[in-house]
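Enquirer: Just passing along the structure, written as structure tokens.
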Amino acid sequence: MMFGRRGANAGMKAVAALLLSLCVIVSPLAVAGGQGSINFSMAFDTFNNGIGEMTSANHRIVSSVGDAAAGGAITSISFQLKGGFRAQLNANQSVLNLMTVISRKMHGAMPFSLTIDHSQPISGAVTVEPRQIGSGHTLVFHFDGNVNYVSAATALDAMMNSVGTATPVRSGNDVVVTLTGVADNTRLTITLTGLNGVGTASASMGFLVGDVNSTRAVSAADISAIKARQGQTVNSDARALFDLNADGIINATDLSAAKARSGRVLP
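One gets our numbering by counting positions in the sequence shown from 1 and adding 594 to each.
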């Protein structure tokens, strides 16, 4: 009988242990290993050795890891998400669409712009910037989403040679590129790379002082158009194109600059 009771007790203990092992405690916290969706995947070691804000093409860790919300982005030099930690993930637009490109210049104290047809290839009917370079040409690339990162800007001619210097600066949905060292009578393709880590965008255009009607040549028509506007103060984007030296007034200096280039054709 004692043996039978011991056997029964042992059996009950075994059943209890089995039931306990089958109990699952459900936690509302996401476990770092294997969390995923179509927009992101959190593998076991995804965020090891990260520097600054943790980002990828489609997501970033912003303000919360664990139960307590941090005051800002997670910026430790090295950390690892492990089981039981929770992260807030924001899906950022990784691939940006280029909406517009403008060439912007200061005329006196006011900026005025020329819209660039960025669909044209470098060998095509490119839009021409007819104003003198001054301290540099300023191009504004406008996108349909916030630009979080851009790695570089390049300016290449039709033979893929680098021309001048292109310096990009992010500003909301824009990337502002300053071009210096660009010679007159030149076709260039300006390209942005590494947009939000993955994208590129480019626009081809011409630079020919005096070509105010964008025919890719300086002719009598351009000279006549400038002459007809002598004495006018620049107060619109359309009028600004005739102010070749961008001093704010269309005058004899602009007319002389166009005459000096009469007959030039964009190569």
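Glycine included, C-beta positions come from ideal geometry on N, C-alpha and C.
Taking only runs that begin and end inside the segment 743-772, name each unbroken beta strand (DSSP E) of 3 or more residues, in chain order.
Expert: With a minimum length of 3 residues, the continuous beta strand (DSSP E) runs that stay inside the segment 743-772 are 746-750 and 759-765.
Enquirer: Which residue marks the beginning of the beta strand (DSSP E) containing I727, and which one marks its end?
Expert: Within the sequence shown, residue 727 is the residue found at index 133, counting from 1. It is not in any beta strand (DSSP E) - I727 carries neither H nor E in the DSSP assignment.
Enquirer: DSSP three-state label for I716, please.
Expert: Within the sequence shown, numbered from 1, the residue matching residue 716 stands at position 122. In this structure, I716 counts as coil in the three-state DSSP scheme.
Enquirer: How about D751 and T787: are their beta carbons less than 9 angstroms apart?
Expert: In the sequence shown, the residue the question calls residue 751 occupies position 157. In the sequence shown, the residue the question calls residue 787 occupies position 193. Not closer than 9 angstroms, so no.
Enquirer: Taking the continuous alpha helix (DSSP H) assigned at I817, which residues delimit it?
Expert: Reading the sequence shown from its first residue, position 223 is the one you call residue 817. It spans A814 to K821 - the alpha helix (DSSP H) in which I817 sits, taken as one unbroken run.
Enquirer: By Cβ distance below 6 angstroms, which residues in the same chain neighbour Q726 in space, the five residues on each side in sequence not counted?
Expert: The residue labelled residue 726 in the question sits at position 132 within the sequence shown. Closer than 6 angstroms at the Cβ level, and outside the excluded window around Q726, lie V803, L838 and N839.
Enquirer: For the beta strand (DSSP E) holding R698, just list the boundary residues, first then last.
Expert: The residue given as residue 698 occupies position 104 in the sequence shown. Segment L692 to H701, the beta strand (DSSP E) holding R698.
Enquirer: Would you mind stating whether V763 and V769 have Cβ atoms separated by less than 9 angstroms?
Expert: The sequence position of residue 763 within the sequence shown is 169, counting from 1. The sequence position of residue 769 within the sequence shown is 175, counting from 1. A contact, by the Cβ cut-off of 9 angstroms.
Enquirer: Does DSSP put T809 in a helix, in a strand, or in coil?
Expert: Position 215 of the sequence shown holds residue 809. Three-state DSSP puts T809 in coil, outside helix and strand.
Enquirer: Residues in its own chain within less than 6 angstroms of D831 by CB, not counting five upstream and five downstream?
Expert: On the sequence shown, position 237 is the one that residue 831 refers to. F706 and S707.
Enquirer: Identify whether L860 lies in helix, strand or coil by the three-state DSSP scheme.
Expert: Position 266 of the sequence shown, counted from the first residue, corresponds to residue 860. Coil at L860, not helix or strand.
Enquirer: Just to confirm my understanding: we take N922, look at its own chain, exclude 5 residues before and 5 after, and list those with CB closer than 6 angstroms. What are they?
Expert: There is no way to answer for residue 922, as the model of the chain reaches only from 595 to 861.
Enquirer: Which residues in the same chain as S756 place their Cβ atom closer than 8 angstroms to its Cβ, once the five residues preceding and following it in sequence are excluded?
Expert: Taking the sequence shown and counting its residues from 1, one reaches residue 756 at position 162. So the list reads T748, A749 and L750, once near-sequence residues are dropped.
Enquirer: Who are the Cβ neighbours of L616 in its own chain at under 8 angstroms, not counting the five residues just before and after it?
Expert: Numbered from its first residue, the sequence shown carries residue 616 at position 22. Note that L616 scores a pLDDT of 38, beneath 50, so its modelled location is shaky; the value from the coordinates is reported in the next line. Cβ neighbours of L616 beyond the five flanking positions: none.
Enquirer: Can you tell which of V771, G766, G800 and A852 has its C-alpha closest to the C-alpha of N779?
Expert: To locate residue 779, count along the sequence shown from 1; it is residue 185. When each option's Cα is compared against that of N779, the closest is G800.
Enquirer: For the alpha helix (DSSP H) that S572 lies in, which residues bound it at each end?
Expert: Residue 572 lies beyond the stretch modelled for the chain, which goes from 595 to 861, so this question has no answer here.
Enquirer: Report yes if the C-beta distance between A814 and D805 is below 9 angstroms; otherwise report no.
Expert: Within the sequence shown, the letter at position 220 stands for residue 814. Within the sequence shown, the letter at position 211 stands for residue 805. Taking 9 angstroms as the Cβ cut-off, A814 and D805 do not qualify as a contacting pair.
Enquirer: Can you name, in chain order, every residue of its own chain whose Cβ lies under 8 angstroms from the Cβ of G825, other than the five neighbours on each side?
Expert: Position 231 of the sequence shown holds residue 825. The answer, listed in chain order, is I843, I844 and N845.
Enquirer: Measure the Cβ-Cβ separation of H731 and M693 and say whether it is below 9 angstroms.
Expert: As a first step, residue 731 is located in the sequence shown; it is residue number 137 there, counting from the start. As a first step, residue 693 is located in the sequence shown; it is residue number 99 there, counting from the start. No, these two residues do not count as a Cβ contact at 9 angstroms.
Enquirer: Opposite R781 in the DSSP bridges: which residues?
Expert: Start at 1 with the first residue of the sequence shown, and residue 781 comes out as number 187. In DSSP, R781 forms a bridge with G800.
Enquirer: Smallest Cα separation from V734: which of T772, N740 and G702?
Expert: Reading the sequence shown from its first residue, position 140 is the one you call residue 734. Comparing Cα-Cα distances from V734 to each of T772, N740 and G702, the minimum goes to T772.
Enquirer: Going by DSSP, name the residue or residues bridged to F706.
Expert: Here residue 706 corresponds to residue number 112 of the sequence shown, with the count starting at 1. Beta-bridge pairing links F706 to K699.
Enquirer: Taking all protein chains shown into account, decide if D848 is buried (16 or more other Cβ within 10 angstroms of its Cβ) or exposed.
Expert: Position 254 of the sequence shown holds residue 848. D848 should be labelled buried.
Enquirer: Can you tell me whether DSSP reads A840 as helix, strand or coil?
Expert: Counting from 1 along the sequence shown, the entry for residue 840 is found at position 246. Note: A840 maps to coil in three-state DSSP.
Enquirer: Taking the Cβ atom as the reference point for each residue, do V792 and G702 lie within a distance shorter than 9 angstroms?
Expert: Here residue 792 is taken as the residue at index 198 of the sequence shown, counted from 1. Here residue 702 is taken as the residue at index 108 of the sequence shown, counted from 1. Taking 9 angstroms as the Cβ cut-off, V792 and G702 do not qualify as a contacting pair.
Enquirer: Alpha carbon to alpha carbon, how far is S688 from A729? Give it in angstroms, no decimals.
Expert: Translated into the one-based positions of the sequence shown, residue 729 becomes position 135. Translated into the one-based positions of the sequence shown, residue 688 becomes position 94. The residue you asked about is not Ala; residue 729 is Ser in the sequence shown. Spanning the two alpha carbons is a distance of roughly 33 angstroms.
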